[in-house]
Amino acid sequence: MNEMIQTKYGALRGVKKDGYSLFAGVPYAKAPVGELRWKAPEKPESWEGEREAVKFPHIAWQNPQTPPAPGMPGINYYQEFYSNPEDIPERDEDCLYLNIWVPDETVKKPEGGFPVAFWIHGGAFMGGYGSEKEFDGETYAKNGVILVTVNYRLGAFGFLYLPELAQEDKNGSSGNYGILDQIAALHWVKENIAAFGGNPEKVTIMGQSAGAMSVQTIVCSPLSEGLLMGAVMQSGGGLYNHIFHGLSIEEAAETGKRFMEIAGAESLADLRKIPAEELVAVNGKLMMEWMMAGKGFPFSPVIDGYLLKKGYDETIAAGEIPDIHYLLGSCGDDIWCRPENTAAGIYSSLYYGCINWSLAEQLHGRAPAYVYYFDRKLPGNEDGAFHSAELWYTFHTLSRCWRPMEEHDYALADTMSGYWANFVKTGDPNGEGLPQWNPCGVEDHHVQILK
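With this note's numbering, the residue at position 199 of the sequence shown is 449, and numbering never jumps.
(1) Is any heavy atom of the ligand GDP found at a distance shorter than 7 Å from the C-beta of Ile566?
(2) Do the stretch 365 to 374 and the stretch 448 to 467 touch if we need at least three Cβ pairs shorter than 8 Å?
(3) Would you check if the distance between the CB atom of Leu672 and the CB atom of Gly681 is smaller than 8 Å?
(4) Helix, strand or coil for Ile512 per DSSP?
(5) What's the call for Leu477, buried or exposed, on a 16-neighbour Cβ count within 10 Å?
(6) Unbroken alpha helix (DSSP H) runs of length 4 or more, entirely within the stretch 353 to 433: which are they?
(7) Among Arg287, Tyr332, Asn349 and Asn334, which one has its Cα closest to the Cα of Val219?
(8) CB Cys345 to CB Arg403, shorter than 8 Å?
(9) Taking just the CA atoms, how far does Glu528 sit from Ala503?
(10) Starting from the N-terminal side, write out each stretch of the alpha helix (DSSP H) that is 4 residues or longer and does not extend beyond the stretch 537 to 579.
(11) To the nearest angstrom, how far is the alpha carbon of Tyr602 from that of Gly488?
(12) Excluding the 5 residues flanking Asn533 on each side, which residues of the same chain have their C-beta closer than 6 Å to its C-beta?
(13) Determine whether the Cβ of Pro551 lies closer than 8 Å to any Cβ atom of chain B.
(14) Does DSSP classify Ala610 as helix, strand or coil?
(15) Mapping the DSSP letters down to three states, classify Leu686 as helix, strand or coil.
(16) From Phe385 to Ala663, what distance separates their C-alpha atoms?
(17) Suppose you measure from the CA of Arg341 to the CA of Pro618; what does that come to, to the nearest Å?
(18) With a threshold of 8 Å, are at least 3 pairs of Cβ atoms found where one atom belongs to the stretch 434 to 451 and the other to the stretch 573 to 581?
(19) Excluding the five sequence neighbours on either side, which residues of its own chain have a C-beta within less than 6 Å of the C-beta of Gly691, listed in chain order?
(20) Once the 5 residues before and after Ala416 are set aside, which same chain residues still bring their CB inside 7 Å of it?
(21) Using the three-state DSSP reduction, which class does Pro450 fall into: helix, strand or coil?
(22) Would you check if the stretch 297 to 304 and the stretch 331 to 339 touch, i.e. whether three or more CB-CB distances between them fall below 8 Å?
(23) Following the continuous beta strand (DSSP E) through Gly275, name the residue where it begins and the one where it ends.
(24) Looking at Gly408: is its Cβ nearer than 8 Å to the Cβ of Gln312?
(25) With H, G and I counted as helix, E and B as strand and the rest as coil, what does DSSP make of Lys267?
(26) Closest to Leu558 by CA distance: which of Leu430, Gly668 and Val366 is it?
(27) Rounded to whole angstroms, what's the CA-CA distance from Lys267 to Glu475? Just pull it up for me.
(28) So which of Gly630, His646 and Gly668 has the shortest CA-CA distance to Trp652?
(29) How would you label Ala639, buried or exposed, when you count the other beta carbons within 10 angstroms and need 16 or more for buried?
(30) Counting along the chain, where does the alpha helix (DSSP H) carrying Glu657 start and finish?
(31) Beta carbon of Arg357, beta carbon of Lys383: below 8 Å?
(32) In chain order, what residues of the same chain have a beta carbon less than 6 Å from the beta carbon of His614, not counting five sequence neighbours either side?
(33) Measuring straight from C-alpha to C-alpha, what distance separates Phe306 and Tyr660?
(34) Ordered along the chain, which non-local residues of its own chain (more than five positions away) have a Cβ less than 7 Å from that of Leu536?
(35) Within the same chain, show all residues whose beta-carbon is closer than 8 Å to that of Ala635, passing over the 5 residues directly before and after it, in chain order.
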């Protein structure tokens, strides 16, 4: 069964399912190809007639996930999320699309429309996409929330800084195309979500890992004004966490220069002529070079003076972020966690960074945040509560996971998906039938343990 929605750009035909409707592959910007490669996103073209929105769209260009080499440490994310080729759409520069899950008529619509969860995927700004198998809006929809997931430009396509690009940009900006994509998608939601039964004034942005960094970037940017009711950061947000920082123009320019050298390009015009497949290979070479040199990931948001006026810690500590609702946390075996430290009661800087964020908000006279610590050691192997482990629970997609999930896991997913939906609705995760979750305040540094 199909369902029709009229947006400001044309009619969309989605697919009606049990308890919700899905509109997949909805364009929110023009394809960033040709001369639009490495330019800020532009509004999409309108279309005549009906546009089919029943299939997940192209994903941004990226190197495919592979298992860790034998004997090498690290989580096998290939096995966890990406092992079935049928789940992975084709890669293409034409990737600026949304997927939207909408509650059906059996779910009572509140006055003003359904609240909206806007999900930004992780992947080190080098990989990932909005239709990964652990992401799904069925449970959100049945809990009375519209879920929107977004694809955005990755790697050099989304985060390449070059002085020549800054010179040709009307705002003098370069290096933040992937974040500008996300903000363009938020504007699309603002002007179109009412057609889906959503409330454009009740949008909560959410993300994990690089997605959480994206959320933090957006709330630290003046470009977010008027777009948000709340924000959720999972293993990627915080104040003074000493892990994530925006790149200076000098750091980003060094990366851009080296990228051009590896690509063999003499000019920006040369670079725009190189096929996407070749640029992805350059991405991989540069990432390996940067990691071997201890420089971390080569691409991330840039303090460009337009999207970001200054660094995250300086902005957050000064209270120069929106006065909205915040929920953030980390995992027991997250990145930069040392088991011996955790056993001694010493947690990671991610953990403390979330508390710092909440306390800073309260010291500025605002409501403190809700802070969590996910520590369920997932069954199936010794990965524990690894970075990304909570995604199966917040989206309640455990049935898609290869692990031998237990009754306890499904109960925990009921609790966590309930908390997340309630937060999107009201800015407070608490609700009927759920354990009390107190905010993390100056008087009580409460962290909700989820295990």
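Beta carbons: idealized from backbone N, C-alpha and C, even for Gly.
In terms of the structure at hand:
(1) Although the ligand GDP was asked about, the structure shown includes no ligands whatsoever.
(2) yes
(3) Locating residue 672 in the sequence shown gives position 422, where the first residue counts as 1. Locating residue 681 in the sequence shown gives position 431, where the first residue counts as 1. With the sequence shown as reference, residue 672 is identified as Asn, and Leu is not the correct amino acid for it. Taking 8 Å as the Cβ cut-off, Asn672 and Gly681 qualify as a contacting pair.
(4) By 1-based counting over the sequence shown, the position of residue 512 is 262. Reduced to three states, the DSSP call for Ile512 is helix.
(5) Position 227 of the sequence shown, counted from the first residue, corresponds to residue 477. So Leu477 ends up on the buried side.
(6) 388 to 392, 405 to 409 and 413 to 418
(7) Because the chain in this structure spans residues 251 to 701, residue 219 falls outside the shown range and cannot be described.
(8) Counting from one through the sequence shown, the residue named residue 345 turns up at place 95. Counting from one through the sequence shown, the residue named residue 403 turns up at place 153. Their beta carbons are under 8 Å apart, which means Cys345 touches Arg403 by this criterion.
(9) Start at 1 with the first residue of the sequence shown, and residue 503 comes out as number 253. Start at 1 with the first residue of the sequence shown, and residue 528 comes out as number 278. Ala503 and Glu528: Cα-Cα distance of roughly 21 Å.
(10) 562 to 567
(11) What you label residue 602 is simply residue 352 of the sequence shown in a count that begins at 1. What you label residue 488 is simply residue 238 of the sequence shown in a count that begins at 1. Between Tyr602 and Gly488, the C-alpha separation is close to 8 Å.
(12) For the purposes of this step, residue 533 is taken as residue 283 along the sequence shown, with counting starting at 1. The answer, listed in chain order, is Gly405 and Ala406.
(13) Chain labels in this structure do not include chain B; a single protein chain is all it has.
(14) Within the sequence shown, residue 610 is the residue found at index 360, counting from 1. Correct three-state label for Ala610: helix.
(15) Position 436 of the sequence shown, counted from the start, is the residue given in the question as residue 686. One detail in the question is off: residue 686 reads as Gln in this sequence, not Leu. Three-state DSSP puts Gln686 in coil, outside helix and strand.
(16) To locate residue 385, count along the sequence shown from 1; it is residue 135. To locate residue 663, count along the sequence shown from 1; it is residue 413. Whole-angstrom Cα-Cα distance: 13 Å.
(17) For this step, residue 341 is matched to residue 91 along the sequence shown. For this step, residue 618 is matched to residue 368 along the sequence shown. Roughly 41 Å separates the two Cα atoms.
(18) no
(19) Counted from its first residue, the sequence shown places residue 691 at position 441. Contacts found: Gln612 and Pro618.
(20) Position 166 of the sequence shown, counted from the start, is the residue given in the question as residue 416. Correct list, in chain order: Gly422, Ser423 and Ser424.
(21) Residue mapping note: residue 450 aligns to position 200 of the sequence shown, counting from 1. In the structure shown, Pro450 sits in a strand (DSSP, three-state: E or B).
(22) no
(23) On the sequence shown, position 25 is the one that residue 275 refers to. Note, Gly275: beta strand (DSSP E), Tyr270 to Pro277.
(24) Position 158 of the sequence shown holds residue 408. Position 62 of the sequence shown holds residue 312. Going by C-beta atoms, Gly408 is not nearer than 8 Å to Gln312.
(25) As a first step, residue 267 is located in the sequence shown; it is residue number 17 there, counting from the start. Reduced to three states, the DSSP call for Lys267 is strand.
(26) Counting from one through the sequence shown, the residue named residue 558 turns up at place 308. Ranking Leu430, Gly668 and Val366 by Cα distance to Leu558 puts Leu430 first.
(27) Along the sequence shown, read from residue 1 onward, the residue named residue 267 stands at position 17. Along the sequence shown, read from residue 1 onward, the residue named residue 475 stands at position 225. Each residue's alpha carbon lies about 35 Å from the other.
(28) Residue 652 sits at position 402 when you count from the first residue of the sequence shown. Out of Gly630, His646 and Gly668, Gly630 has the C-alpha closest to the C-alpha of Trp652.
(29) Taking the sequence shown and counting its residues from 1, the one referred to as residue 639 is at position 389. Answer is buried; the Cβ neighbour count reaches 16.
(30) Residue mapping note: residue 657 aligns to position 407 of the sequence shown, counting from 1. Looking at the DSSP string, the run of the alpha helix (DSSP H) that includes Glu657 is Glu657 to Thr676.
(31) As a first step, residue 357 is located in the sequence shown; it is residue number 107 there, counting from the start. As a first step, residue 383 is located in the sequence shown; it is residue number 133 there, counting from the start. This sequence places Val at residue 357; Arg is not what is there. No, the Cβ-Cβ distance between Val357 and Lys383 is not below 8 Å.
(32) The sequence position of residue 614 within the sequence shown is 364, counting from 1. Once the five neighbours on either side are set aside, the close Cβ partners of His614 are Gly569.
(33) As a first step, residue 306 is located in the sequence shown; it is residue number 56 there, counting from the start. As a first step, residue 660 is located in the sequence shown; it is residue number 410 there, counting from the start. Approximately 27 Å between the Cα atoms of the pair.
(34) The residue labelled residue 536 in the question sits at position 286 within the sequence shown. Excluding residues within five positions, the ones whose Cβ falls inside 7 Å are Arg508, Phe509, Ile512 and Pro548.
(35) Locating residue 635 in the sequence shown gives position 385, counting from the first residue. Counting only Cβ-Cβ distances below 8 Å, and skipping sequence neighbours, we find Cys581, Gly582, Asp583, Asp584, Phe624, Asp625, Arg626, Lys627, Leu628 and Lys701.
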